[in-house]
Structures are given as structure tokens and as C-alpha cells.
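Numbering (UniProt numbering), first residue to last: 1 to 311. Structure record follows, encoded as C-alpha cells.
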């Protein structure tokens, strides 16, 4: 080591000793002394003005803290679950999509809904006189995952069945309303295409029905009546719970039994390939749980303030 370097080191130690004697440590001498850092609890405040101080936990307790989302999240927000097909999985893309979905939900409220709920969707339409178009209908099917999530609304307008497929996170959607929150006996209501028109007819000026908070989502036990054959699909080959007796000849049911695959409900690998494991679902919903709660709290505060006080 050169004499110049040695003299610089000696001078640095002398400055450090002098600073310690007067209670001040120069910035360049911090690495030469041992420092102890104590973490103090920080007060946090929410929009309601309530202050909360997080309790200080030991290292083992903080590492073992696990955020658990409610189990009903997998039914309320199925689009947060990725596509179970292994050949299309990409962990980084799925995480980025969840971030984009949460950002979109902070701009527009996407309420809880199920297949069978009566909904109204308002989208931006450059060809409309008001630049907006609103459609009311019953949700007959929903699917997709991530930013590709979608749902279909059906209504009978002027004795003509109309169906519109909406992409849930499309930026053209301005507002999504749930006029009647309920579920049906089947996960898909595509058989309404072959049902009588009254089961799919709803007024375009329908008002939303009031629903108590934290109330159980009702299941509508309605059984629809299909029109006579021909149909768009062979509904007798599907295990439909929300359809009345089809009144078909016995030969149709015999053919349905021949093509049925009752053993699939015992195929564990088939079930594994079509679903996301419960452990991975818990991790995904724990990741978005806190942000969804914060968004819901902000919406409640805006409703209390009223439209005049919104900034």
C-alpha cells in the first residue's frame, strides 16, 4: 500500500474518532463505525381520517404472516385465475395482467355478478347520437381469464333475440350495472336461445333492485320451457337443471346414454388439467385481496360524500 493511501486511511479514522467524541458522524465515516437501527411504528391514516399504528412483530411472526382471502373470491372474481392449460401458462404475463386488471377496476367499478344476473352495460359508441349506448340483458355465459375475460348479455328487442359479447376490461366500457343479482341452476344459459321469448325479455329502462349488504346471493329455481325441435344444440345430452321436461321420444334419451361419459367425474387428471390448484388460487387472491378492499373502501367514501363533493 502506498504512503498516500495509508495517510488517507489514518486521517479518516481520526475524523471518525473526533465525530464520535462530539456525537456527530460524517457521512463518509458511517461505514467505519457500528450502527444500530431500531424500527419505530409509523402512524398511517386512511381517507376516513382514522389513524392506526401497526403492531411491531418479531422477525419470525412477520415472516409467518399470511394474507388469506375469503373463499368466495374464486366465484366472485374467476377472471383473476389464469387459464389452466399448461401450454399457455406464463407466470410473468399473468402477474402483469392482474396489475392491469386492478388498475382498470380502480377507474371503473366492475360489480359482482353471476350467470343469470340481469345487467346493464354502457359503452362508448361514436355512431350513437349521445356517443353512448346502453344495453340491458341477462348474463347467459361468462368465461375467459385475465384481460381476455368476457360475458354475454341477451335480451329480446322487438321480438328479435339480441346478444352482445362484452370484454370485461375493454376501455370502451363506461359503466357496468347489476340490476338484479341472482344465480341460476346451470352455469351456462345458452339454452335460452331455444326457449320462449318471455324468459329473455327485459325492459331497457329497468331500474336496479335494492339488495341488503352481506346478504346471500339468491338462486333462482326457475325452469324454462323450450320451444319444439329443431334446436341449436342437443340439450337432452346435457345435464340441465333449469329446463322443464323436454317431452322427447325415448330413442333420444337412449342415444344420449350411449354418448354419455359418466366416468369423467372420477378422472382426477382431467379435473387437474381443467382447474387451478387450490393452493395457487389462495396465493393469487391473497395478492389482490388488499387492493380490492381498498378500492371498495374508496367507493363507499365517494358515495357518502355525494357527487358534488367528488374531486
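Quick reminder that beta carbons are idealized off the backbone N, C-alpha and C, glycines included.
Counted as a single uninterrupted DSSP element, the stretch harbouring residue 192 is not any beta strand (DSSP E), since DSSP gives it neither H nor E. With respect to the C-alpha of residue 154, the residue from 145, 148, 276 and 165 having the closest C-alpha is 165. With respect to residue 137, residue 220 sits apart: the two C-beta atoms are not nearer than 9 angstroms. Annotation: residue 80 is outside any alpha helix (DSSP H) and is labelled neither H nor E by DSSP. Residue environment: residue 297 is assigned as exposed (fewer than 16 neighbouring CB atoms within 10 Å of its CB, all protein chains considered). Proximity to residue 157 across 238, 202, 131 and 294 peaks at 202, based on C-alpha coordinates. Ranked by Cα distance from residue 181, the options 130, 206, 112 and 70 are led by 112. Here residue 74 really is in contact with residue 281; their C-beta atoms are around 6 angstroms apart, less than 8 angstroms. Under the 10 Å beta carbon count, residue 306 is surrounded by fewer than 16 other beta carbons and is classified as exposed.
Distance between residue 271 and residue 80, taken at the CA atoms: about 19 angstroms.
In this structure, residue 161 places its C-beta atom within 9 angstroms of the C-beta atom of residue 200.
Distances from the alpha-carbon of residue 178 to those of 135, 299, 256 and 285 put 135 closest.
Residue state for residue 99 is assigned as helix, using DSSP reduced to three classes.
Under the three-state reduction of DSSP, residue 120 is assigned to strand. Contact annotation, residue 194 with residue 231: C-beta distance approximately 5 angstroms; criterion of less than 8 angstroms satisfied. Residues of the same chain with a CB within less than 7 angstroms of the CB of residue 243, apart from the 5 flanking positions on each side, are 191, 223, 224, 226 and 235 in chain order. As DSSP reads the structure, residue 166 sits in a beta bridge with 151. Around the beta-carbon of residue 108, fewer than 16 other beta-carbon atoms lie within 10 Å, marking it exposed.
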